[in-house]
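The listed protein sequences derive, respectively, from chains A and B.
Per the working numbering, numbering of the first sequence is gapless, rising by one per residue and ending at 404.
Per the working numbering, numbering of the second sequence is gapless, rising by one per residue and ending at 1175.
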Amino acid sequence: MWAELVVVGVKLAFVLAVMLTTVPIMVWVERRGSALIQDRLGPNRVGPFGLLQPVIDVVKLLTKENLRPEGVQTFLYLLAPAIAIAISLSTFIAVPFARDSGLSVFGQPVDGFIVAPNLNIGVLYIFAIASLAVYPVVLAGWSSNNKFALYGGIRASAQAVSYELAMTIAVVGVLMAAGSLHLQQIVDAQTGTWLGTLPRWNVFPQLLGAVTFIVAVFAETNRLPFDLPEAEAELVAGYHTEYSSMGFAAFYMSEYLHMIVGASLITVLFFGGWNLPWIDIPFDGWAGALLSMGVFAAKVAFFMWFFVWVRWTLPRFRYDQLMALGWKVMIPLATLNFLWVAVGLALGYF
Amino acid sequence: MVTYVFLAAAALAVIFAILAVVPRNPMTNVLSLVVLFFAMAAVFAILGMDFLAAIQVIVYSGAILVLFLFVIMLLNVRKVEPFGSGRRWQALIGTLVAAGIGGMILVIAGLLLPEQGSVLPGVAEIGTAVPIGKALLSTHLFAFEFITLLLVAAIVGAVYLGRREER
């Protein structure tokens, strides 16, 4: 009992520490990356390469006055950023960060550093929690007593529902190919190669599914080119217009946390999780577990950079284009992928 | 332990079910429904039906209630009529039906409890992904397909009603 609690507690603390450290690093990557793409310097004064800039930013946000405008619905207004953080931090407990090398600590299995290894419906759990991520946005928009915030909230709710459909249908193909809802087993199903040439990653047979899933993840995380809920050219700052200081910081942080979850899901579902292409991870025990964790982290880091890359490359969609893309392109493509996987499984292709 | 978690979830469900009907702020009503569905999901999870618990949250909290919020925000409904301001006979019938259902549940629970313990036997096995999928595509195939047909009919009807007038 105690060993169990200690192991779960350590895993939880470890995951939390990694996530909360990644957020400021990603803020730095975003600002320096955007500068790189736009051919300017970016923040480079504080610390080497401006690395300490996020620290200064946090100090600034903490010491700013926490302004609460008149006419807001106080309870919901204060609740919204809290829910945003809570939801984005609680999605991580089903993600497999490393290979399950049969390790154990105090007689408790490590299980690839999953905080909740016995959750057999890991994928559904993550989708269930992630589908709630629209609530803080909507609540902030509604309670702010500001028409721009309200527009942001309305857009967020319609966008989330539309793209969730495409995202879910795109994932069904992966679940069928793996025959499991447990993320560790989904990764295990992607070990090895096809005919010794292609890695068994889901992205190769299910390219359509991968593309629709990645696009839907962009829409669900409210990142450019789909950041309509906070489109600053039209809506001031959208749903968080009326938030200052740490209220704003909470929304900002949760956006980056959602990016980490999105990148992890893309990696696990379509890009083989902690598998190296062509090579089996050579070591057993802790070395193998840590190496597989490094591979996973590298893939996630690539997709995080991909988020930044796309954001500073593509312009924002118009709202009707966003809806048309979601309903008329993404859902049919995801369904096509689903049909192809069903036919492929029935004929024994994979 | 399980009993206490169940009691907490049940208490939350009852409290937020009341909060979903009584307050006048429509946002409070919808958010109470969200918490209510979470409490129900917790009850499913306690019974070992992890699949149903997740689906409960995905379908209701993640999709249907978001649409509720969308409509509330689009129409900008700031207040609804106070609870009990409708027709008298409606309130009367509603109370009677609720009391009847409550009484029925109490009677059934009273009949089952002493023999079968706090968790119904065989319930946990039917609430996970594989048995539900098999049941939907074998035993209940007709009902499943019929519901699909009904939904398609509903979508066609909604599109027909919502179409723009040709000029």
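Cβ coordinates follow ideal geometry from the N, Cα and C atoms, glycine included.
- By the Cβ-count criterion, residue 375(A) is exposed, with fewer than 16 other Cβ atoms from all chains shown falling within 10 Å of its own Cβ.
- Across the structure, residue 239(A) and residue 1142(B) are spaced so that their CA atoms are roughly 21 Å apart.
- Straight-line spacing of the CA atoms in residue 1037(B) and residue 297(A) works out to 24 Å.
- Think of a sphere of 7 Å around the beta carbon of residue 1082(B): the chain A residues whose beta carbon falls inside it are 208, in chain order.
- Annotation for residue 131(A): 197 place their beta carbon closer than 6 Å to its own, counting only its chain and skipping 5 residues before and after.
- For residue 1075(B), the neighbours in chain A by C-beta distance under 7 Å run, in chain order, 215.
- Of the candidates 204(A), 353(A), 232(A), 57(A), the residue whose Cα lies closest to the Cα of residue 1079(B) is 204(A).
- For residue 149(A), there is no enclosing alpha helix (DSSP H), as DSSP marks it with neither H nor E.
- Residue-level contact check: residue 1093(B) does not touch chain A, since none of the beta carbons of chain A fall below 8 Å from its beta carbon.
- Among the residues of chain B, those whose CB is under 7 Å from the CB of residue 181(A) are 1066, following chain order.
- The Cβ neighbour count for residue 134(A), taken over all protein chains shown within 10 Å, is at least 16; the residue is labelled buried.
- Contact note: residue 196(A) reaches chain B through 1035, 1077, 1080, 1081, using a C-beta cutoff of 9 Å and chain order.
- Rounded to the nearest whole angstrom, the C-alpha separation of residue 315(A) and residue 146(A) is 7 Å.
- Residue 1110(B) has its alpha-carbon roughly 20 Å from the corresponding atom of residue 1097(B).
- It is roughly 10 Å from the alpha-carbon of residue 194(A) to the alpha-carbon of residue 301(A).
- For residue 1009(B), there is no enclosing alpha helix (DSSP H), since its DSSP letter is neither H nor E.
- For residue 169(A), the nearest beta carbon of chain B is not closer than 8 Å to its own beta carbon.
- Rounded to whole angstroms, the Cβ separation of residue 389(A) and residue 223(A) is 6 Å, and the two are in contact under 8 Å.
- In summary, residue 120(A) is exposed, with fewer than 16 beta-carbon neighbours lying within 10 Å of its beta-carbon over all protein chains present.
- Residue burial annotation: residue 266(A) is buried, with at least 16 other C-beta atoms found within 10 angstroms of its C-beta.
- The stretch 194-276 of chain A is shown to contain no whole beta strand (DSSP E) run of 3 or more residues.
- For residue 1040(B), the CB contacts under 7 Å within the same chain, skipping 5 residues up- and downstream, are 1024, 1027, 1028 in chain order.
- Given a length threshold of 3 residues, the stretch 1075-1125 of chain B has no whole run of the beta strand (DSSP E) inside it.
- In this structure, residue 175(A) lies away from residue 1107(B), with their beta-carbon atoms at least 8 Å apart.
- No Cβ-Cβ contact shorter than 8 Å links residue 210(A) with residue 306(A).
- Excluding the 5 residues flanking it on each side, residue 235(A) has same chain C-beta neighbours closer than 8 Å at 174, 175, 176, 177, 178, 229, in chain order.
- Shortest Cα-Cα distance from residue 351(A) to any of 268(A), 72(A), 214(A) involves 72(A).
- Beta-bridge annotation (DSSP): residue 1040(B) is not paired with any residue.
- Straight across, the Cα-Cα distance linking residue 180(A) with residue 148(A) is about 7 Å.
- Neighbours of residue 84(A) across chain B, judged by C-beta separation under 8 Å, do not exist; the nearest C-beta is about 28 Å away.
- Put simply, the backbone Cα of residue 1032(B) is about 21 Å away from that of residue 124(A).
- Considering only 323(A), 377(A), 274(A), 207(A), the residue with the shortest C-alpha distance to residue 260(A) is 323(A).
- With contact defined as three or more Cβ pairs closer than 8 Å, the stretch 328-336 of chain A and the stretch 274-291 of chain A are not in contact.
- Contact annotation for residue 188(A) against chain B: 1074 [CB-CB distance below 7 Å, chain order].
- Among the residues facing chain B, residue 243(A) is not included, as its CB has no counterpart in that chain under 8 Å away.
- Here residue 299(A) carries a helix assignment [DSSP, helix/strand/coil].
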